[in-house]
Each structure stands twice: as structure tokens, then as C-alpha cells.
Amino acid sequence: MHILLVASAFNSLTQRVHVELRDHGHTVAVELALPERPLAEAVRRHAPDLVLAPMLKTAIPREVWAAYPCFIVHPGPFGDRGPSSLDWAIQRGADRWGVTVLQAVEDMDAGDVWASVDCVVPPVGKSDLYRGEIADAALAAVLLAVERFASGTHTPRPQGPAHAEYTPVRIRPYLDQSVRRIDWDADSTETVLRKLRAADSQPGVLDVLCGAEWYLHGGHPEGGLRGAPGELLATRAGAICRATKDGAVWIPELRRRRARGRPPTYKLPAVQALGDRLPSLPELAAPDSADPRRRTWTDIGYREEGSVGVLSFSFPGGAMSTTQCRRLLDAYRQACARPTSVLVLGGQRDFFANGIHLNVIEAAEDPAAESWANINAVDDLVEAVLTTTDRLVVSAVAGNAAAGGMMLALAADEVWCRAGAVLNPHYRLMGLYGSEYWTYTLPRRVGAATADRLLGEALPMSAASARDLGLVDRVVDCGPGDFAAEVGRLAARLAALPGSPSRIAAKKAELERQECGEPLAAFRERELTRMRRTFDDPDAPYHALRRAFVHKRRPESTPPHLGLAATTATRTAAGADRSTRARVTGTALDDLSRRPDGWYQES
């Protein structure tokens, strides 16, 4: 079928639906619902078989849903209605939730239901849940609804008392700041955490801190520190620790409340946002090792299991500032000093990485200089991974990855990706040529022609499509909460394979040959020369695109590359050079053979 996605933004769920429908053989186009652009005219131009709205903040006009079948993806179970469904579920401590695909009608969320899928609600932030369990449930519901619609034989289930299996409707109001407000004297730590998680990453929880109004973003428990309720206790890795009545919480980011007539504000690391307002506080080092019995937070952690080391990291929004990159590089070097044969980079849940930190760059006194420092810090990290020759390195991509974050993953010997991850291996939409040694790592995996196509199309791809192209070596089909354990099991098996020592020796020899021919430094120098010209040119599109991204400026029209009907070309065009892939990425094809479902099994 030809399916048109109508969305308020090309966000993570819209991208996930886009790639999955393409993988299932549909042609897919996107139209953004913008105030100055008549939606009915755009829909008529696309002439779709089905209109699908994965994330839509406004109602579909009658002239559209009366002329075309229109499905709405609602992040709530059957019978749930309202604009803050997921927020209410988290704030009230629901342990299960769901996603419903229903037909658009006059009243919001009141149409007949084509599919509804339940999911668990782990104790994580809303954005993490949205990209994880909710996105998995949404895709299952969307694919089921599309299949039912295509069959022409399915009758959707009405919402209302006339149905034999009537479920009472629950209309939830908008969850405003009066309900989100934290009472630091009365609210328990768990209540504070639920309120913070329900507002992450938007809209945040409005609060007063250090004499000003801020939106608090993110919340993690701290089990050891205590203080007067509301008191600031310590800092760590840019986050602040604040006391509750019975404990404390870590808050990684703040956003200043917008002043009347001023441009929209944006999130920054909490310590940076507070600046001179922040009182003198102790900077606490991260725990030496991940102790599951200790309730604390750190954005970088390391643990060992036998001959496998796991270096995990989790940066808000997947962005990596100069400081974060340098800290991660230090942790990587320390991990490489350990006596392991396999080092896993990543391996938790949600974002892997998205490249340079545009918000921190925008806030800098000299954004061009900070852009330059940031890209070099990412390059230093990627170089360290590329030049690790005494062990195998695995990038464990639990969630979405884009731009420089995707290229960081490609620096490893193997890339293992959760089935639900969405990958964006391109830079063009931010007006950048890109660095992170992409001119070395991307063509060696997929070939020069396919690399050029991926960067030029600037479209997201699924983990399955990336595997078929050779961009990813293994797709792990599991839920977000199971990924870390599954990666640990697979890494232990990789370390125990008899062929692993010879692979380590072979990668060392391959790097030596590369350095004798065209050294890695040459790739970096060429890339950075292009990047420096862009950063230093105040009229370069990058600067305007960065500001628009940071300040959440709505585009004037749907970007042309999204309006085109995309097919399954990402998975089939050009194809992957399997011999090159085996030589370059060093997948253990001698020891493992692929099963029909995409997993590997021991031969």
C-alpha cells in the first residue's frame, strides 16, 4: 500500500513507523501538520491508500478523515483518551500500559479501534519509555492494524456501550504544572521520581531553584545522600543532587522558564544552566563499579563479567558534549587497561549516541569554537576505539543512533543492535559534512556508492535494513529491558570462541597495513578541514539549522526528502559486499552461522 504519515514532527516514533512500514513492503511518505499548510490539499496530492498519524498534536480535519481512512496512534490502552495519557500513567505509577490504533472521527480518540497492544511500564523516564516499550507496542499495533485494513475483511471494534465487550472510556485531562508540582517537604522520593519521569523530556517540572524558575528534566534516585527537603547536596557529571523528605534525587538537566517576549529556552546540563547561581557543592566521583545494591546515578559505568568488560554510558537525548566525550574517553582508556578480551561499548537501554551536543554549543560564548572542540573530542573517542588492537570491541546499540553517534558505533569490530533501534547515518540535515572517521568506516562496511546514497537520502533505517546492508552485524530481537543481559550473554560467548584470539591478531595486522598505506590521520584531517570551514563561516547553513533545532522552531513546510514516497530501497539497493564486510568488520562467520531469523548460532 501507499501510506502517508501525518505527524506534528518527524520524531522517534514517526521514524520508527516509517522504517518498519518500508521494511514490510509499503511505500511511505511523510507530511508534517503545520499551521500555515492546508493538510487536506497535501493529502490529496499524495493520494494515499491509508493515512496514519504516529504523533499528532492537532486533530485531523473532517475533510481529510471523511475522504480517506485515517488511523491515529494513541499512547494509551483501549478506552483511554486525552492528550497526556502517558504522563498520567507514569505519574500515577502504572505498571502496565498500552497503545491503541483507532480511526479518526470528529471527537478526539473516539473512533473505532483497529488494534490495541499492551506493554509493561518500567521505572524510567517518559522519553525512554516512549522510545522503548511504548514504541515496540505501537509498532505491533500499527502493523496489525495495517494488515487488518489491507485484508478488507476486518471489522474494527467500536468504543461505546453498544459493543458486547464494552470498556468504560477514561478521558484524562491535560496534565498541567499544577499537578506536576513537587512539594519537596511532603512528597516522598518515589513520588518526586514519578513526577520527574512523567515530565521527561517535555514539558519538565516547573520549580524554583537558586532564586529563579526552572523546568527540571530527568530524575534518578540517590540512596546515600540526605539533607533538608529541597536542599542541593552535590553535583556529578553536570547533574545536581537535591534532597527529598526521605532521600534524594539526581536531576541532570534544567531549562530556564521562558520570559515574556523572549525566544524559547532549551535544556542544558544542570550545573551549566545554573552557572554562578549554583552554591559551592561537592563534586562526587562516580562509583568505582556498578553495584546494583546501591541506589545512585552516574552517566558512565563499567563492570566486568569474566573476560568481558562493559562500558555503559547514557547521555540525555544522546548528545555528547566536549566534556562528556572527554570523560567517556578517559573511562574507555581505563577499561582498556583491564585484562579482558571483549569490551562492550554501550549495552544499556535507550539512545546510543547522536553526536555533538548542539544545545551546549548554542549556549557557548563562541559556538564556532565550541563546535570545533566538540567534534575533535568525538574524533578522539572514535580514534581510540578504531586503534584498540588488543581485544575485540562491540558496540551494543540499545536504542537510536544518529550522525556522529552512529559513526562511533561503526568504529567497533562488531555492531550489535536491538531490533527496535532507528539509525540515521547522515549529517546533511544539520548542514554538516561530518567527521568521526566516517569516510573510513562507512564505505568499508557498505561500499562507497551505498555510503553516498545513505548520506544523500538522509532517511532513517531500521536495524534489520542496516544488517542487510552490512552496517550492523547482529540484530538482537528483545525488549529494551532485556538488551543488556542478552548482550552480556552474547559477549561472553564471543570471548569464549576459539577463533577470537586470531581475530584480535588479525585486526592488529590490518591496522598496521592501513597505517602504512593511508593512515587514519589522513581521513580525520580531510574531514575536519571541511568541518572547520563550516564552523568558521557565520553564513554557513549549519548555524541557522542548529539554532532552529535547539529552539524547536517549526519548519515552514515538510522537508522535500520526507515528502517523497520511500520504498524498501534502503535494504535492497546496491546490496552489501559480503566479502568486504567479513574482512573489514571481522564478524565471527567462521564460528557462527546465521539462522533464518537473523540470529547467529554456533556452527
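For the sequence shown, the working numbering begins at 17 and goes up steadily by one. C-beta atoms are modelled at their ideal positions from N, C-alpha and C, and glycine is treated no differently.
Give every residue of the same chain whose Cβ lies closer than 8 Å to the Cβ of GLY504, excluding the five residues on either side of it in the sequence, and list them in chain order.
Excluding positions up to five away in sequence, the list reads GLU321, VAL324, VAL326, VAL360 and GLY363.
With distances taken Cα to Cα, identify the nearest neighbour of THR622 among ALA105, ARG97, LEU209 and LEU300.
Any answer about residue 622 is impossible in this case: the structure gives the chain only from 17 up to 619.
Simplified DSSP state of VAL80, which is helix, strand or coil:
Residue state, collapsed to three classes: helix.
Answer yes if the segment 468-480 comes into contact with the segment 430-445, meaning at least three C-beta pairs across the two stretches below 8 Å, and no otherwise.
Three or more pairs of CB atoms, one per stretch, sit closer than 8 Å, so the segment 430-445 contacts the segment 468-480.
Where does THR574 land, buried or exposed, given buried means 16+ other C-beta within 10 angstroms?
Per the 10 Å Cβ criterion, buried.
Contact set for GLU526: own chain, Cβ-Cβ below 6 Å, skip 5 residues either direction:
Nothing meets the Cβ criterion.
Cutting at 7 Å between CB atoms, please list the residues of its own chain near LEU160, excluding the five before and the five after it.
Correct list, in chain order: ALA131.
Evaluate ASN390 with the Cβ neighbour count: other Cβ atoms within 10 Å of its Cβ, from every protein chain shown; 16 or more gives buried, anything less gives exposed.
The residue is buried, with at least 16 neighbouring Cβ atoms inside 10 Å.
Name the DSSP bridge partner or partners of ARG434?
Answer is VAL492.
Compute the Euclidean distance between the alpha carbons of GLU36 and ALA480, then round it to the nearest angstrom.
Approximately 9 Å between the Cα atoms of the pair.
With a threshold of 8 Å, are at least 3 pairs of Cβ atoms found where one atom belongs to the segment 448-455 and the other to the segment 420-427?
Between the segment 448-455 and the segment 420-427, the count of Cβ pairs shorter than 8 Å is three or higher; the stretches touch.
Which of the three DSSP states is assigned to VAL22 in this structure?
Note: VAL22 maps to strand in three-state DSSP.
When you compare only the Cα positions, how much space is there between ARG273 and PRO54?
One Cα belongs to ARG273, the other to PRO54, and the distance between them is close to 32 Å.
From CYS86, TRP113, ARG108 and GLU79, residue whose alpha carbon lies closest to that of GLY95:
Taking only the C-alpha atoms, the option nearest GLY95 is TRP113.
State buried or exposed for ALA275, treating a residue as buried only when at least 16 other CB atoms are found within 10 Å of its CB.
ALA275 comes out exposed.
What are the partner residues of ASP134, as DSSP defines its beta bridges?
Beta-bridge pairing links ASP134 to GLY114.
Look at the alpha carbon of ALA23 and the alpha carbon of ALA63, and state the distance between them as a whole number of angstroms.
The straight-line gap from Cα to Cα measures roughly 17 Å.
In whole angstroms, what separates the C-alpha of LEU29 from that of ASN416?
Between LEU29 and ASN416, the alpha-carbon positions lie close to 11 Å from each other.
Count the C-beta pairs between the segment 376-386 and the segment 501-519 that are closer than 8 Å, then say yes if the count reaches three, no if not.
The segment 376-386 vs the segment 501-519: no contact.
The ligand FAD heavy atom lying under 6 Å from the CB of GLN288
What this structure holds is no ligand at all, so the ligand FAD is not there to describe.
Is it true that the CB of TRP432 sits closer than 7 Å to the CB of ARG410?
Note that residue 410 corresponds to Val in the displayed sequence, not to Arg. With respect to TRP432, VAL410 sits close: the two C-beta atoms are nearer than 7 Å.
Have a look at LEU561, ILE316 and GLY420 and flag the residue whose alpha-carbon is nearest the alpha-carbon of GLU543.
Nearest to GLU543 by C-alpha distance, out of LEU561, ILE316 and GLY420, is GLY420.
GLY235 beta carbon less than 7 Å from that of LEU212
Between LEU212 and GLY235, the C-beta gap is smaller than 7 Å, which places the two residues in contact.
Alpha carbon of LEU222 to alpha carbon of LEU290, nearest angstrom:
In a straight line, the C-alpha of LEU222 is about 15 Å away from that of LEU290.
Pick helix, strand or coil for SER595, following the three-state DSSP scheme.
At SER595, the pLDDT of 34 sits below 50, so the modelled position is not reliable; the number obtained from the coordinates is stated separately. Helix at SER595.
Output yes or no for whether 7 Å exceeds the beta carbon distance between VAL59 and VAL80.
Yes; because the gap between Cβ atoms is below 7 Å, this pair is in contact.
So what's PHE329 in DSSP terms, helix, strand or just coil?
Secondary structure of PHE329 (DSSP, three-state): strand.
Should ARG278 be labelled buried (16 or more other beta-carbon atoms within 10 Å of its own) or exposed?
Only exposed fits ARG278, as fewer than 16 other CB atoms lie within 10 angstroms of its CB.
Alpha carbon of ASP199 to alpha carbon of ASN370, nearest angstrom:
C-alpha separation (whole angstroms): 35 Å.
Unbroken stretches of the alpha helix (DSSP H), 4 residues or longer, contained in the segment 458-546
Counting only runs of at least 4 residues, the segment 458-546 fully encloses the following alpha helix (DSSP H) elements, listed from N- to C-terminal order: 464-473, 479-485, 499-512 and 516-533.
Would you check if the distance between the CB atom of GLY220 and the CB atom of LEU232 is smaller than 7 Å?
Yes, they are a contact pair.
How is LEU222 classed by DSSP in three states: helix, strand or coil?
Three-state DSSP puts LEU222 in a strand.
ALA214 and GLN107 closer than 7 Å at C-beta:
Yes, they are a contact pair.
So VAL287 and ILE316 are supposed to be a Cβ contact under 8 Å. How far apart are they, rounded?
A Cβ-Cβ separation of about 16 Å leaves VAL287 out of contact with ILE316 under the 8 Å criterion.
Is the separation between the beta-carbon of LEU445 and that of ARG461 shorter than 7 Å?
No, these two residues do not count as a Cβ contact at 7 Å.
Top-ranked residue by Cα proximity to ASP395, from MET422, SER296 and HIS567
With distances taken between Cα atoms, ASP395 lies closest to MET422.
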